[in-house]
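Q:
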Amino acid sequence: MKIKELRRKKGITQEKLGVEIGVSGAAVSDYERGKSQPDLEKLLSLARIFEVSVEELIGESPMITNDEPGVYVQGNIRSVKNNISELYTQIPFISVRAQAGVSKITHEYCDLRWVEETYPVFLPITVINQDSVAIEIEGDSMEPTIRDRAIVLANNIHGNDWQYESGGVYAVLFGPGKFVVKRIRTNDMRSEGQLRLHSDNDLHGTITVPANEIHCMWKVVSKIYEPVR
Numbered sequence: 001m002k003i004k005e006l007r008r009k010k011g012i013t014q015e016k017l018g019v020e021i022g023v024s025g026a027a028v029s030d031y032e033r034g035k036s037q038p039d040l041e042k043l044l045s046l047a048r049i050f051e052v053s054v055e056e057l058i059g060e061s062p063m064i065t066n067d068e069p070g071v072y073v074q075g076n077i078r079s080v081k082n083n084i085s086e087l088y089t090q091i092p093f094i095s096v097r098a099q100a101g102v103s104k105i106t107h108e109y110c111d112l113r114w115v116e117e118t119y120p121v122f123l124p125i126t127v128i129n130q131d132s133v134a135i136e137i138e139g140d141s142m143e144p145t146i147r148d149r150a151i152v153l154a155n156n157i158h159g160n161d162w163q164y165e166s167g168g169v170y171a172v173l174f175g176p177g178k179f180v181v182k183r184i185r186t187n188d189m190r191s192e193g194q195l196r197l198h199s200d201n202d203l204h205g206t207i208t209v210p211a212n213e214i215h216c217m218w219k220v221v222s223k224i225y226e227p228v229r
């Protein structure tokens with residue numbers, strides 16, 4: 001496990017790293033000394049913070065016994081673990097950086113070939129389909145529901161179904177390169193030919209989008225990561 005090496009390279013303390021992943025500084029110290037192991041959710045968070053893959057974070061594979069598949073020994077710790085690749089999958093990641101570049105791409109059929117990044121998602125707690133994406137939230141317009149820099153899982157909504165969607169949080173790509181995550185309270189696309197997108201934060205307003213300017217829509221179904229405050 002390369003936590004100590006990557007943490008020092010990043011220039012952050014054990015206490016600060018602990019806050020980021022929701023544990024104490026002492027727990028981070030235990031991870032670094034091999035006294036305990038982070039669970040998969042913590043591994044994914046650490047990989048995101050250090051901007052490396054889970055495999056890179058783990059480093060060289062621990063010694064695996066031949067007679068007990070899935071059992072490994074690292075230092076004095078003996079644990080039962082599944083293969084990491086069996087527990088998570090990589091899905092397209094629409095980061096804040098990617099959102100800033102949507103004006104440069106075409107949106108025919110919501111083709112995601114313009115998305116260059118992927119994000120690891122823990123399989124047992126999420127429902128993934130071939131159209132699922134991870135989206136990084138920018139700003140506080142959806143607080144307290146979703147915090148700034150949270151990462152959410154969203155599923156693509158087919159264009160024929162946009163007019164029926166309401167009562168949830170959605171990512172909408174519209175107009176000349178506009179990408180937002182907002183709430184749809186009521187859907188007026190059929191009656192008024194437009195869609196109102198609402199912020200959960202009262203300090204932010206409502207966006208009204210003509211129906212014919214909407215390119216893509218995804219429904220947010222769960223949170224993958226949210227920073228601790």
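In full-length UniProt numbering, the protein residues as written are 1 to 229.
Even glycine gets a Cβ: it sits at the ideal position worked out from N, Cα and C.
#1: Could you tell me which residues DSSP puts in a beta bridge with SER222?
#2: When the distance is taken between beta carbons, is ILE184 closer than 7 Å to GLY164?
#3: Taking all protein chains shown into account, do 16 or more other C-beta atoms lie within 10 angstroms of the C-beta of LYS182, making it buried, or fewer, making it exposed?
#4: Of all the options GLU116, SER141, GLN99, CYS110, which has the alpha carbon lying nearest to the alpha carbon of PRO92?
#5: Output the distance between the C-alpha atoms of SER45 and LEU195, rounded to the nearest integer angstrom.
#6: What number of angstroms, rounded off, separates the C-alpha of VAL180 from the C-alpha of GLN99?
#7: In terms of DSSP beta bridges, what is CYS110 paired with?
#8: What does the Cβ neighbour count give for VAL228, buried or exposed, with the cut at 16 atoms within 10 Å?
#9: Using a Cβ-Cβ cut-off of 8 Å (strictly less than) and excluding sequence neighbours within five positions of LEU57, which residues of its own chain qualify?
#10: Pull up the distance between the alpha-carbon of VAL152 and that of VAL23, whole angstroms please.
#11: Under the rule that 16 or more other beta-carbon atoms within 10 Å means buried, what is PRO38, buried or exposed?
A: Put simply:
#1: LEU153
#2: The displayed chain sequence assigns Tyr, not Gly, to residue 164. For TYR164 and ILE184, no; Cβs fall outside 7 Å.
#3: LYS182 is buried by the Cβ-count criterion.
#4: GLU116
#5: 35 Å
#6: Approximately 9 Å, taken between the alpha carbons.
#7: Note: CYS110 sits in no beta bridge, so no partner.
#8: exposed
#9: Closer than 8 Å at the Cβ level, and outside the excluded window around LEU57, lie MET1, LYS2, ILE3, LEU6, LEU43, LEU46, ALA47, PHE50.
#10: 21 Å
#11: buried
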